[in-house]
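Numbering (the working numbering), first residue to last: 121 to 441.
Positions of the beta carbon are idealized from the N, C-alpha and C atoms, including for glycine.
Single-structure report; data block below.
In structure tokens:
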């Protein structure tokens, strides 16, 4: 065991033995790695890897997400790939199933285990970007010697969780680098890009899950574009992203009962007004495009003529005869 391995391992063990886990999420992860998973920070063997058959099966389970994520992964790689980073999309078990990287860097990243099929769960690899993100269900960066294993301390990994259309944690999006000159400022920029891309993937998955619904951004303060709700032709909420569910108190049971959007937002007057204004704008534009023809507008909006008439009356929208 060399000096670096000894020093890092000693620091990890000292932190685990302290009372720091109650105050530090990082030390709590180190403690899980050492005490719960019985890992040794000085362990030098590389990450475990799935067989080709197991990786194919893992990809098949994630096919809808993979399809939805392609363009977002491409854009993220364009933003970070030129500075020695690779992009990984991992499943719920911490296994990368999709990757973006420069061909010239492939051998280096593969040697570090940053490759499809490698297992980066916290149970197997201790504290690391992908595994710890999936355990703590939050965006985070594990930078260099914050990793549990000494052999991973040259890596900087920034990761964000991805939730499906029902609010279940299904994946983690990661940008990793082994550059020694990666500055804190650039790591912060990567963190913003990763979180934004994770939201984009969630939004695209949500839209694909409700292809016939009207998708709206829920009027929730400081929640961003990932607070989405899906409405049917009668303005009943039939789906909501995790952020929208948490912010608006939407449960699986309430969705099963076909929750009226107005009732959902009534507890917050401004939210209801925003929803009504948005709906009024949609109807007004639809009518304008067909010069006030209600039948044509209803067809364009995917609803019955009677439903459109009820909405026009409720929103006090008058049209020329």
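- Where residue 412 is concerned, there is no enclosing beta strand (DSSP E), because DSSP gives it neither an H nor an E.
- A Cβ-Cβ separation of about 17 Å leaves residue 329 out of contact with residue 212 under the 8 Å criterion.
- When 353, 259 and 151 are compared, the shortest CA-CA separation from residue 399 is found for 353.
- Fewer than three Cβ pairs drawn from the region 264-275 and the region 168-186 lie within less than 8 Å of each other, which leaves the two stretches out of contact.
- The C-alpha of residue 125 is placed about 34 Å away from the C-alpha of residue 282.
- Proximity of the region 271-280 to the region 236-249 meets the contact definition, three or more beta-carbon pairs being nearer than 8 Å.
- Bounds of the alpha helix (DSSP H) holding residue 316 are 304-329.
- Non-local C-beta neighbours of residue 370 in its own chain, meaning closer than 6 Å and more than five positions away in sequence, comprise 360, ordered along the chain.
- Nearest neighbour of residue 332 by Cα position, chosen from 128, 198, 162 and 422, turns out to be 422.
- The beta-carbon separation of residue 221 and residue 206, rounded to 4 Å, stays under the 8 Å limit for a contact.
- For residue 278, the enclosing beta strand (DSSP E) covers residues 276-283.
- 7 Å or more divides the Cβ of residue 237 from the Cβ of residue 214.
- Within a 10 Å sphere around the beta-carbon of residue 425 sit fewer than 16 other beta-carbons, which makes this residue exposed.
- Taking C-beta atoms under 8 Å as the contact rule, residue 315 and residue 296 fail to qualify, at a distance of about 15 Å.
- Taking 7 Å as the cut-off, the beta carbon of residue 162 is found no closer than this to the beta carbon of residue 217.
- If you check the CB distance, residue 350 and residue 340 do not come in under 7 Å.
- Within the region 212-249, the complete alpha helix (DSSP H) runs of at least 4 residues fall at 226-231 and 242-245.
- Counting along the chain, residue 334 sits inside the beta strand (DSSP E) bounded by residues 334-337.
- Excluding the 5 residues flanking it on each side, residue 287 has same chain C-beta neighbours closer than 6 Å at 362 and 365, in chain order.
- Here residue 141 has 147, 148 and 151 as same chain residues with Cβ atoms under 7 Å from its own Cβ, once five neighbours each way along the sequence are excluded.
- Spatial neighbours of residue 322 in its own chain (CB-CB distance under 7 Å, excluding positions within 5 residues in sequence) are listed in chain order as 282, 283, 346 and 361.
- In the three-state reduction of the DSSP assignment, residue 144 falls in the coil class, being assigned neither a helical nor a strand state.
- A residue is called buried when at least 16 other Cβ atoms come within 10 angstroms of its Cβ; residue 285 meets this threshold and is buried.
- Non-local beta-carbon contacts of residue 409 in its own chain, meaning distances under 8 Å to residues more than five positions away in sequence, involve 417 and 420 in chain order.
- Take the alpha-carbon of residue 234 and the one of residue 210: they are about 11 Å apart.
- The shortest CA-to-CA distance from residue 435 to any of 138, 230, 173 and 355 is the one to 355.
- For residue 206, the pairing in a beta bridge is given by DSSP as 296.
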